[in-house]
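Heads up: the sequence lines are chains C and Y, in that order. Residues 1 to 130 (the numbering used here) are what the first sequence spells out, left to right. Residues 131 to 431 (the numbering used here) are what the second sequence spells out, left to right. C-beta: ideal position from N, C-alpha, C; glycine also. Notes to accompany the following structure.
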Amino acid sequence: MSETRIWPALRYKDAHAAIRFLVDAFGFEEVAVYENDDRVEHAELRAPGGGGVMLGSAARTDSPIADLPPGTGSVYVVTDEPDALYERAVAAGATVVQGLRDEDYGSRGFTVRDPEGVFWSFGTYAGAAS
Amino acid sequence: MRSVGRGDRHVRGPPVTVEAMGSVATVDQTARVRPSARLAPSVARCVGYRYEGFGPGTHRGLPSRHLTVVLSLDAPTRTLAGADRTPDAFMALVGGLHTWPVTIAHDGDLAGVQLDLTPEGARSLFGLPAAAIGGDVLSLDDLIGPRAGELVERLAEGPTWRARFAVVEDVLSRGIGRLPGPAPELAYAWRRLAETDGTVRIADLAREVGWSRRHLGERFAAEYGLRPKEAARVMRFERSKRLLQRPGRPSLADVAAACGYYDQAHLAREWNDLAGCPPSAWLADEELPFVQGDEDAPGEP
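Okay, here's the thing in structure tokens:
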């Protein structure tokens with residue numbers, strides 16, 4: 001697998017809960033979690049199809065992105081199994097913004113928000129071929 | 131041996147803070163990383179921890195499906211093992227698969243790295259089946275020789291968790307050997323037990339691998355040191371512990387039902403046998419933020 005060169009970086013009020021949610025709802029896998037006094041200093045999660053996200057606790061004030069409000073952001077993830085993933089995400093408590101649908105550009109997917117409000121879109125469209 | 135990991139806030143009791151010169155001095159640091167692809171079949175989890183300023187006490191190392199390696203960063207890990215609770219101390223220890231708790235005594239300050247090893251890891255890292263270690267707590271140098279000392283020395287010098295984990299990766303990968311894996315039937319049986327959290331029936335398991343129950347029992351015990359039924363008990367117990375650690379902790383009756391115990395009394399008896407206390411006492415006793423949360427446990431509802 002090629003090295004991941006782009007990492008969305010997110011901030012959460014309750015980063016522990018966010019990690020649990022991303023694992024339960026989207027099948028992300030915890031790769032590294034560094035904690036100090038219950039604060040998540042840094043965490044990396046891998047997406048099942050490759051790529052990943054980094055996140056940390058909003059309580060971490062020394063972060064260069066400390067001004068980014070927690071629960072902010074929008075991430076698009078390519079998936080081969082949008083239907084199964086949709087079911088899983090909804091079962092885990094994701095808030096549906098746009099249900100499963102086929103787009104006129106040939107993608108099938110959906111958009112949900114996690115408990116703190118970050119938007120997560122999933123679809124079969126994998127970007128224009130380079 | 132078991133359970134050094136991140137604090138679960140709902141489980142933890144209030145830390146005993148040390149008031150020094152007017153400041154509250156507790157340190158509570160954990161770091162978890164997924165082992166590299168090379169180590170992953172052997173090492174299921176790698177956790178670093180540093181606790182300071184908590185009160186002296188004991189920590190219960192509970193039975194689990196993993197062997198445990200504990201590498202100390204400064205003071206040795208003090209254990210009270212066996213029925214007679216013989217005290218011992220190790221800078222690098224290996225705890226085998228056991229069906230009783232191992233007690234860790236601490237003075238409130240602890241720092242180390244814990245590795246959860248798969249039974250396959252016992253073969254690849256130590257060149258021995260897990261049964262050869264049995265339920266004992268051994269010094270790591272009995273198993274990997276001078277590399278244990280190297281590990282401890284280099285860990286103490288590592289400035290960050292990232293650096294310390296790199297040392298673990300380096301020293302352990304160098305020792306990965308080629309003791310051929312156990313018979314495929316045994317690996318299959320272990321995997322089935324693990325993925326069902328001990329709820330697969332042993333008679334069905336024997337049928338699936340095509341052996342008699344008796345033959346499976348003997349071969350299994352020779353590899354893992356536990357009989358299939360004992361491994362099943364430990365795995366079911368582990369699942370119950372995992373459920374009890376989840377936020378919004380489910381009731382004991384619900385946990386008992388979810389794990390396949392007849393009833394709550396059955397769950398309590400199993401806890402008395404395997405943990406040496408009822409679940410409520412365990413949840414109340416763990417003072418250190420020590421109780422690990424198994425985020426990596428897949429498939430929990």
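inquiry  = For Glu41 of chain C, tell me which candidate among C:Ala59, C:Gly52, C:Asp102, C:Val118 has the shortest Cα-Cα distance.
reply    = The residue labelled residue 41 of chain C in the question sits at position 41 within the first sequence. Among C:Ala59, C:Gly52, C:Asp102, C:Val118, the Cα nearest to that of Glu41 of chain C belongs to C:Ala59.
key: Exposed unless 16 or more other CB atoms sit within 10 angstroms - verdict on Ala405 of chain Y   = Residue 405 of chain Y sits at position 275 when you count from the first residue of the second sequence. Its Cβ being crowded by 16 or more others within 10 Å, Ala405 of chain Y is buried.
ask   = How close, in whole Å, do the beta carbons of Gly226 of chain Y and Ala260 of chain Y come, if the pair is a contact with beta carbons under 8 Å?
value = Counted from its first residue, the second sequence places residue 226 of chain Y at position 96. Counted from its first residue, the second sequence places residue 260 of chain Y at position 130. With a Cβ gap of about 6 Å, Gly226 of chain Y and Ala260 of chain Y count as contacting.
key: Rounded C-alpha distance that separates Pro144 of chain Y from Cys176 of chain Y   = Counting from one through the second sequence, the residue named residue 144 of chain Y turns up at place 14. Counting from one through the second sequence, the residue named residue 176 of chain Y turns up at place 46. Because the pLDDT of Pro144 of chain Y is 35, which lies under 50, any placement of that residue in the model is unreliable, and the question is left without a value.
query = When the distance is taken between beta carbons, is Leu281 of chain Y closer than 8 Å to Lys301 of chain Y?
reply = The residue labelled residue 301 of chain Y in the question sits at position 171 within the second sequence. The residue labelled residue 281 of chain Y in the question sits at position 151 within the second sequence. The question names Lys, yet the displayed sequence has Val at residue 301 of chain Y. A contact, by the Cβ cut-off of 8 Å.
message = Quick check on Asp37 of chain C - is its C-beta less than 8 Å from some C-beta in chain Y?
response = The residue labelled residue 37 of chain C in the question sits at position 37 within the first sequence. Output row for Asp37 of chain C: interface = yes.
task = Kindly give me the distance between the Cβ atoms of Ile19 of chain C and Ala43 of chain C, rounded to whole angstroms, as I take these residues to be in contact under 8 Å.
result = Position 19 of the first sequence, counted from the first residue, corresponds to residue 19 of chain C. Position 43 of the first sequence, counted from the first residue, corresponds to residue 43 of chain C. Their Cβ separation, rounded to whole angstroms, is 6 Å, which keeps Ile19 of chain C and Ala43 of chain C in contact under 8 Å.
request  = Tell whether a beta-carbon distance below 8 Å holds between Thr61 of chain C and Val118 of chain C.
outcome  = Taking the first sequence and counting its residues from 1, one reaches residue 61 of chain C at position 61. Taking the first sequence and counting its residues from 1, one reaches residue 118 of chain C at position 118. It is not a contact, given that the beta carbons lie outside the stated cut-off.
message = Can you tell me whether Asp114 of chain C is buried or exposed? The criterion is at least 16 other CB atoms within 10 Å of its CB, across all chains shown.
response = One-based indexing of the first sequence puts residue 114 of chain C at position 114. Answer is buried; the Cβ neighbour count reaches 16.
message = Looking at Leu223 of chain Y: is its Cβ nearer than 8 Å to the Cβ of Thr233 of chain Y?
response = One-based indexing of the second sequence puts residue 223 of chain Y at position 93. One-based indexing of the second sequence puts residue 233 of chain Y at position 103. Contact flag unset, no.
request  = Can you say whether Arg139 of chain Y is buried or exposed, counting buried as having 16 or more other CB atoms within 10 angstroms of its CB?
outcome  = As a first step, residue 139 of chain Y is located in the second sequence; it is residue number 9 there, counting from the start. The predicted position of Arg139 of chain Y is uncertain, since its pLDDT is 29 and thus under 50; a value taken from the coordinates is nonetheless stated next. When all chains shown are included, Arg139 of chain Y counts as exposed.
inquiry  = Would Thr248 of chain Y pass as an interface residue toward chain C - the criterion being a Cβ-Cβ separation below 8 Å?
reply    = In the second sequence, counting from the first residue as 1, residue 248 of chain Y sits at position 118. So no, Thr248 of chain Y is outside the interface.
ask   = How would you write the range of the beta strand (DSSP E) that Gln159 of chain Y sits in, first residue to last?
value = Looking up residue 159 of chain Y in the second sequence gives position 29. Here the beta strand (DSSP E) through Gln159 of chain Y covers 157–163.
inquiry  = Using the three-state DSSP reduction, which class does Leu210 of chain Y fall into: helix, strand or coil?
reply    = Your numbering for residue 210 of chain Y matches position 80 in the second sequence. Note: Leu210 of chain Y maps to strand in three-state DSSP.
message = Going by DSSP in three states, Cys176 of chain Y sits in which element: helix, strand or coil?
response = The sequence position of residue 176 of chain Y within the second sequence is 46, counting from 1. Looking at Cys176 of chain Y - three-state DSSP - the assignment turns out to be strand.
CB-CB length for Leu240 of chain Y against Tyr179 of chain Y, believed under 8 Å = Along the second sequence, read from residue 1 onward, the residue named residue 240 of chain Y stands at position 110. Along the second sequence, read from residue 1 onward, the residue named residue 179 of chain Y stands at position 49. About 7 Å separates the two Cβ atoms, so the contact holds.
Stretch-stretch touch, CB-based, cutoff 8 Å, three pairs: the stretch 382–390 of chain Y with the stretch 338–355 of chain Y = no
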